[in-house]
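**Q**
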Amino acid sequence: MIIITQEIPIKKNEYYEVEIHGIGHEGEGVGRINNFTIFVPYTIPGDSVKVKVIKVKKSFAYGKLIEIIKPSDNRVTPICSIFEKCGGCQLQHVNYIEQLRIKKQKVIDALERIGKINDVLVHDTIGMKHTCRYRNKAQFPVGVDELSNRINIGFYAQRSHRIIDMKTCHIQHNINDVFIPHIKKWMERYNITAYNEKTGKGLIRHVFTRIGFSTGEVMVVIVANGKKIPNKQELIDILKSIDATDFTLESIIQNINTKRTNVILGSENKVLWGRDYITDSIGKIEYKISPMSFYQVNPVQTEVLYNIALEYAGLEGNETVFDLYCGIGTISLFLAQKAKRVVGVEIILQAIEDAKKNAIMNNIDNVEFHIGAAEEVIPQLYKQGNHADVVVVDPPRKGCEEKLLNTIAQMQVDKIVYVSCNPSTLARDLRILEDKGYKAMEVQPVDMFPHTVHVETCSLIIKKD
Ligand code: SAH
């Protein structure tokens, strides 16, 4: 047997000139040196750059940007002064039209490479008019700066767990700029300790906020490493005294998380003041949102996305629709306006409870909700004789279980609407469905997360013949 070992054509610590032609998964530029792929953070397609090779793997390398020899025409100055430290946004140095093109290409590439699908219509990404301040949910880690010994509330420095203090975040609602300094002041004034990940000691771990864009209602969740928060009345008084005309504080919650884990929220919530939910509306439907329930983070684009889902579902009024991974029933209630019956399935109890309340609050009585994993509940419902004309799925990043896709195919559902936040798992699942007699017809990318590499899509899949 002859083993041919191919020599890797680039060397660590050497300098090279590279033309960047694409964008990788984490927003880093992609180029080639002697036909060998190299990823270079903070570069964009169209840049000519000088790089230092810092890591060489079997089939690709990582480079550090040393100098931009010729910038791409699509380069812009990032809005945020800490863009490169934070890592929350990856594309702030790319103009918005190009961001939208990159996202469409990301979808096409995943469909072709992972799904081996190249005959589906991928539309242009639908972008936003105002690309800042679009998020309704924020999670700020709290810690003590090792050098200054002061409390920091902000974000994790890229690829680390060091917390950097933050004055503002341009993609978050600006109420955070008001609330966060007040919470910090309260901690400083009353010597409330910040959690230390290394020792597991200290009380306050995260501050988590949610705002209903259409109602102006705000929820503040203090994630604590313990059941007791000292001086909590003072915290409530400080937060209640914040004066602003365009929002109202409706809910202050303590979330208890005593586990040594990266997961932000623990399972127990205590209302410190006000209600245990806030409300928001999308289109004509009003929603109650609890701290633990999933709710899309960009309400403006959510309406765009749900309208596409509704259009793809093509309902005439006689259909039974299954809405799987339904969260608080957001899409279910949208669909119920046009369908005969909607069945929502969701794994988180609090979300299902919200979904049921939301149906009542909106006087919608042609929906029912089931708790459990979609891949377990749907086979059971099918066995009991239930059938869907249209299935909508909106899974988390890991996509659908194959068992669920099998049941959908067995049910001979005519139409599937697949809402996805991860083109890779979408492509994998579309391949499975295509192998079972379905055809992906069109994919609409929607920009729910401007300035980041993330892209949401809505796909229409139909049963052949
Ligand atoms: N369609 C909703 C929620 C989408 S997010 C909306 O647009 O708001 C995905 C949801 O899937 C989350 O609420 C999550 O709790 C739920 N989930 C995760 N795994 C699941 C599973 N195996 N079965 C059912 N729901 C699941």
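Convert by adding 511 to the 1-based position in the sequence shown; the result is the number in my numbering.
Cβ coordinates follow ideal geometry from the N, Cα and C atoms, glycine included.
All of these numbers come straight from a predicted model, not from anything done at the bench.
Tell me the DSSP bridge mates of residue 815?
**A** By one-based count along the sequence shown, residue 815 stands at place 304. None, per the DSSP bridge assignment.
**Q** Nearer than 6 Å: is that true of the beta carbon of residue 723 relative to any heavy atom of ligand 1?
**A** Numbered from 1 along the sequence shown, position 212 holds the residue referred to as residue 723. No, the Cβ of residue 723 stays beyond 6 Å of every heavy atom of ligand 1.
**Q** Any idea which residues DSSP pairs residue 728 with across the strands?
**A** Walking along the sequence shown from the start, residue 728 turns up at place 217. Secondary-structure assignment with DSSP links residue 728 through a beta bridge to 759.
**Q** Quick one: grab the DSSP three-state call for residue 788.
**A** By one-based count along the sequence shown, residue 788 stands at place 277. Coil at residue 788, not helix or strand.
**Q** Nearest CA to the CA of residue 641: which residue from 960, 966, 969?
**A** The residue labelled residue 641 in the question sits at position 130 within the sequence shown. The candidate whose alpha carbon is nearest that of residue 641 is 960.
**Q** If we require 4 or more residues per run, which alpha helix (DSSP H) segments fall completely within the region 554-584?
**A** none
**Q** If I follow the unbroken beta strand (DSSP E) through residue 602, where does it start and stop?
**A** Your numbering for residue 602 matches position 91 in the sequence shown. Looking at the DSSP string, residue 602 is not in any beta strand (DSSP E), and its letter there is neither H nor E.
**Q** Using only alpha-carbon positions, find the residue among 945, 589, 683 that is nearest to residue 808.
**A** Locating residue 808 in the sequence shown gives position 297, where the first residue counts as 1. Comparing Cα-Cα distances from residue 808 to each of 945, 589, 683, the minimum goes to 683.
**Q** Given residue 872, which residues of its chain have a CB within under 7 Å of its CB, disregarding the five upstream and five downstream residues?
**A** Position 361 of the sequence shown, counted from the first residue, corresponds to residue 872. Contacts found: 797, 799.
**Q** List the residues that DSSP assigns as beta-bridge partners of residue 771.
**A** Position 260 of the sequence shown holds residue 771. Residue 771 pairs with nothing; no bridge assigned.
**Q** Going by other Cβ atoms of all chains shown within 10 Å of its Cβ, with 16 needed for buried, is residue 452 buried or exposed?
**A** Because the chain here runs from 512 to 976, residue 452 falls outside it and cannot be looked at.
**Q** Just checking my contact of residue 916 with residue 622 at CB under 8 Å: how many whole Å lie between their CB atoms?
**A** Counting from one through the sequence shown, the residue named residue 916 turns up at place 405. Counting from one through the sequence shown, the residue named residue 622 turns up at place 111. In fact, because the Cβ distance is near 16 Å, the residues do not count as touching under 8 Å.
**Q** Decide if residue 768 is buried, meaning its Cβ has at least 16 other Cβ atoms within 10 Å, or exposed.
**A** Here residue 768 corresponds to residue number 257 of the sequence shown, with the count starting at 1. So residue 768 ends up on the buried side.
**Q** How would you call residue 869, buried or exposed, if buried means at least 16 neighbouring beta carbons within 10 angstroms?
**A** In the sequence shown, residue 869 corresponds to position 358, counting from 1. In summary, residue 869 is buried, with 16 or more beta-carbon neighbours lying within 10 Å of its beta-carbon over all protein chains present.
**Q** Could you name the residues of the same chain whose beta carbon sits closer than 8 Å to that of residue 805, not counting the 5 residues immediately before and after it, in chain order?
**A** As a working note, residue 805 is residue 294 in the sequence shown. Around residue 805: 838, 839, 859, 862.
**Q** Is there at least one non-hydrogen atom of ligand 1 closer than 6 Å to the beta-carbon of residue 836?
**A** As a first step, residue 836 must be located in the sequence shown, where it is residue number 325. Indeed, a heavy atom of ligand 1 lies less than 6 Å from the Cβ.
**Q** Which runs of the beta strand (DSSP E) fall wholly inside the region 637-703 and span at least 3 residues, in chain order?
**A** List check, beta strand (DSSP E) in window: 648-655, 662-667, 674-676.
**Q** Identify, in the order they occur along the chain, each residue of the same chain with its Cβ nearer than 6 Å to the Cβ of residue 746, setting aside the five sequence neighbours on each side.
**A** The sequence position of residue 746 within the sequence shown is 235, counting from 1. Taken in chain order, the residues that qualify are 697.
**Q** Applying the criterion that 16 or more other CB atoms from any shown protein chain within 10 Å of the CB defines a buried residue, is residue 701 buried or exposed?
**A** Taking the sequence shown and counting its residues from 1, one reaches residue 701 at position 190. Residue 701 comes out exposed.
**Q** Between the Cα of residue 951 and the Cα atoms of 943, 971, 549, which residue gives the shortest distance?
**A** Counted from its first residue, the sequence shown places residue 951 at position 440. The shortest C-alpha separation from residue 951 is found at 971.
**Q** So if DSSP puts residue 968 in a beta bridge, which residue, or which two residues, is it bridged to?
**A** Taking the sequence shown and counting its residues from 1, one reaches residue 968 at position 457. DSSP lists 931, 956 as partners of residue 968.
**Q** Touching or not, the region 821-829 and the region 665-680, by the rule of three or more beta carbon pairs under 8 Å?
**A** no
**Q** Comparing C-alpha positions only, which one of 718, 901, 653 sits nearest to residue 712?
**A** Locating residue 712 in the sequence shown gives position 201, counting from the first residue. Comparing Cα-Cα distances from residue 712 to each of 718, 901, 653, the minimum goes to 653.
**Q** Quickly, what does DSSP pair residue 547 with across the bridge? List them, please.
**A** Position 36 of the sequence shown holds residue 547. Answer is 544.
**Q** When the Cβ atoms of the region 919-927 are set against those of the region 875-885, are three or more pairs found closer than 8 Å?
**A** no
**Q** Taking all protein chains shown into account, do 16 or more other C-beta atoms lie within 10 angstroms of the C-beta of residue 692, making it buried, or fewer, making it exposed?
**A** Walking along the sequence shown from the start, residue 692 turns up at place 181. When all chains shown are included, residue 692 counts as exposed.
**Q** How long is the line joining the alpha carbons of residue 817 and residue 842, rounded to whole angstroms?
**A** As a first step, residue 817 must be located in the sequence shown, where it is residue number 306. As a first step, residue 842 must be located in the sequence shown, where it is residue number 331. Going by the C-alpha atoms only, they are around 6 Å apart.
**Q** Please return the same chain residues whose Cβ sits closer than 7 Å to the Cβ of residue 645, not counting the five positions on each side in sequence.
**A** Counting from one through the sequence shown, the residue named residue 645 turns up at place 134. So the qualifying residues of the chain are 639, 682, 809, 811, 961.
**Q** Using a threshold of 7 Å, state whether the C-beta atoms of residue 794 and residue 814 are closer than that.
**A** Within the sequence shown, numbered from 1, the residue matching residue 794 stands at position 283. Within the sequence shown, numbered from 1, the residue matching residue 814 stands at position 303. Contact flag set, yes.
**Q** Could you tell me the boundaries of the beta strand (DSSP E) in which residue 748 lies?
**A** Locating residue 748 in the sequence shown gives position 237, counting from the first residue. Careful: residue 748 lies outside any beta strand (DSSP E), inside the alpha helix (DSSP H) at 743-752.
**Q** Could you tell me the alpha carbon to alpha carbon distance between residue 539 and residue 906, rounded to whole angstroms?
**A** Here residue 539 refers to the residue found at position 28 of the sequence shown. Here residue 906 refers to the residue found at position 395 of the sequence shown. In a straight line, the C-alpha of residue 539 is about 26 Å away from that of residue 906.
**Q** Are there 16 or more other CB atoms within 10 angstroms of the CB of residue 751, so buried, or fewer, so exposed?
**A** Here the question's residue 751 lines up with position 240 in the sequence shown. Classification of residue 751: exposed, given that the 10 Å Cβ count is below 16.
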